[in-house]
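Number of protein chains: 2
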Amino acid sequence: MKYDLTKKRSRSAQRTLDAFSEAMLTLIGQKNFEKININELCDLSNFPRATFYNYFDDKFDLLDYCWYLLIAEAHLDELSNKPQYTLLEACNYAFDHVYDLFKHREVLLKAIVANNSPTGSLITSFITSVRFTTRQLFYQYFDTQKNNLPTKLVADHVSNTILLLIEWIFLKNHDVSKAEAHNYIEKFLGNLC
Amino acid sequence: MKYDLTKKRSRSAQRTLDAFSEAMLTLIGQKNFEKININELCDLSNFPRATFYNYFDDKFDLLDYCWYLLIAEAHLDELSNKPQYTLLEACNYAFDHVYDLFKHREVLLKAIVANNSPTGSLITSFITSVRFTTRQLFYQYFDTQKNNLPTKLVADHVSNTILLLIEWIFLKNHDVSKAEAHNYIEKFLGNLC
DNA sequence: TCTAAATTTAGACAAACGTCAAAATCTAGA
DNA sequence: TCTAGATTTTGACGTTTGTCTAAATTTAGA
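Taken in order, these protein sequences are the chains called D and W.
Letter by letter, the first sequence follows residues 1 to 193 in the working numbering.
Letter by letter, the second sequence follows residues 194 to 386 in the working numbering.
This is how it looks when you write it as structure tokens:
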């Protein structure tokens with residue numbers, strides 16, 4: 001990403017980021033990501049091409065920024081306020097937040113899934129993005145815990161398990177309640193808790 | 194992929210497929226996948242652009258074909274000759290075959306990893322490709338087994354666990370022997386066996 | 001409010017993409 | 001070996017990409 005998200009944003013920079021991400025989210029809800037081009041995003045957001053390239057490397061980069069915004073809505077970082085949780089509780093907590101995000105954003109996400117192949121680059125990049133965020137979260141969270149297994153390996157395994165269920169429920173369309181999902185998670189992670 | 198891999202290939206078609214996949218494998222061992230363009234592949238393989246587009250949609254498509262060839266070298270399908278295996282044995286068996294593939298193709302794969310970011314699209318697509326193959330394998334394999342969990346969900350979980358260790362060992366460069374890996378797998382899957 | 005610095009915009013550019021129709025060449029079966 | 005059908009190649013085409021420069025505009029501090 002060309003634009004530095006860590007520095008404080010001017011009002012116009014924020015406007016530009018908002019406009020492009022909103023345009024992208026609108027378009028991927030309407031058509032296949034592969035078919036979207038930069039001019040289309042510029043037309044919809046009413047910004048010139050050069051401005052797009054001031055902020056983003058390419059459309060994949062903008063897509064990543066969209067995922068970043070969307071995942072932020074899950075407030076996964078609140079897990080750091082629950083240091084007393086067991087591994088299983090932390091896992092259920094993270095799962096619930098992602099599950100709620102999917103329910104809350106159901107209209108948008110269903111439209112995206114309807115327009116984009118489950119094995120295409122859009123869905124892959126979304127899953128990869130959530131997986132990455134969850135892994136980072138658990139790297140921090142398990143930091144102080146003791147285990148005879150490598151901490152990061154366990155964190156990755158736990159993240160994979162959460163993502164597996166998210167895929168199963170929302171991408172492969174299986175009707176699973178939160179409680180049932182918790183049951184699955186416990187069976188999958190049982191030995192580690 | 195434009196070319197139908199299921200139909201029998203003419204000699205020239207096989208030559209073309211070989212040349213392009215070899216050119217791609219050579220190039221990704223030398224430079225970053227993002228920087229490779231179609232003309233470069235055509236120069237190296239001595240085929241015209243239009244021939245490339247006769248066979249492949251784009252460079253990602255050719256890359257997928259390369260992964261298909263590489264993964265075939267692991268002979269994962271031989272698992273179907275071992276119907277008596279437990280879930281854990283089957284998992285170790287599949288892991289071993291992928292592990293051996295990485296050892297056997299170490300020079301090529303290390304060069305690829307050295308030239309391509311672990312979070313970039315090349316590595317992601319490779320991992321996704323192996324994951325997909327492993328999942329398909331276990332969908333077949335567990336087909337007749339009984340479990341109070343959905344068969345495909347278990348197959349996906351098992352595949353994820355194998356891939357987790359492959360990533361851990363070969364992409365994140367942790368020195369883990371086969372025996373140690375089997376130990377990890379048992380701890381991660383313990384409850385399901 | 002004014003001004004200097006930073007950012008955005010317009011427009012043009014070369015390079016790469018992906019498609020096409022017609023010509024050349026290959027292939028498999030008689 | 002010959003030939004009809006299928007495939008590959010050629011070369012050209014319009015589109016999209018990503019970069020660049022100079023002009024216009026916006027920003028933030030005095």
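Heads up, the beta-carbon is just placed ideally off N, CA and C, and yes, glycines get one too.
- The residue among D:ARG9, D:SER45, D:PHE33 and D:LEU25 with its C-alpha nearest the C-alpha of D:TYR68 is D:LEU25.
- Taking a cut-off of 8 Å for Cβ pairs, the segment 205-222 of chain W and the segment 301-316 of chain W touch, as three or more such pairs fall below it.
- Residue burial annotation: D:LEU149 is exposed, with fewer than 16 other C-beta atoms found within 10 angstroms of its C-beta.
- Of the residues D:GLU78, D:LEU62 and D:SER177, the one whose Cα lies closest to the Cα of D:PHE102 is D:SER177.
- Under the DSSP assignment, W:THR219 falls in the alpha helix (DSSP H) whose first and last residues are 204-221.
- With fewer than 16 neighbouring CB atoms inside 10 Å of its own CB, W:CYS386 falls in the exposed class.
- Against D:ASP61, chain W offers no close residue; the least beta-carbon distance is about 12 Å (beta-carbon pairs closer than 9 Å).
- Counting C-beta atoms within 10 angstroms of its own C-beta, D:ASN81 has fewer than 16 neighbours from the protein chains shown and is therefore classed as exposed.
- Annotated three-state conformation of W:GLN333 is helix, per DSSP.
- Judged by beta-carbon spacing, D:VAL158 lies within the 8 Å limit of D:PHE138, meaning their Cβ atoms are closer than that value.
- Following the DSSP letters along the chain, one finds W:ILE355 inside the alpha helix (DSSP H) bounded by residues 344-359.
- Taking CB atoms only, W:LYS380 has a neighbour in chain D less than 8 Å away.
- For D:LEU149, a Cβ of chain W is located within less than 8 Å of the residue's own Cβ.
- Contact between D:CYS91 and D:ILE36 does not hold, since their C-beta atoms are separated by about 35 Å, which reaches or exceeds 8 Å.
- Sequence-distant Cβ neighbours of D:THR86 in its own chain, meaning closer than 8 Å and more than five residues away, are CYS193.
- Of all residues in the segment 213-228 of chain W, none has a C-beta nearer than 7 Å to a C-beta of chain D.
- Inter-residue distance for W:VAL291 and W:LEU382 is about 18 Å (C-alpha atoms, whole angstroms).
- The distance from the Cβ of D:SER125 to that of D:ASP61 is about 11 Å, inconsistent with a contact at the 8 Å cut-off.
- Under the three-state reduction of DSSP output, D:VAL98 falls in the helix class.
- With contacts defined by Cβ atoms closer than 8 Å, W:TYR248 and W:THR209 form a contacting pair.
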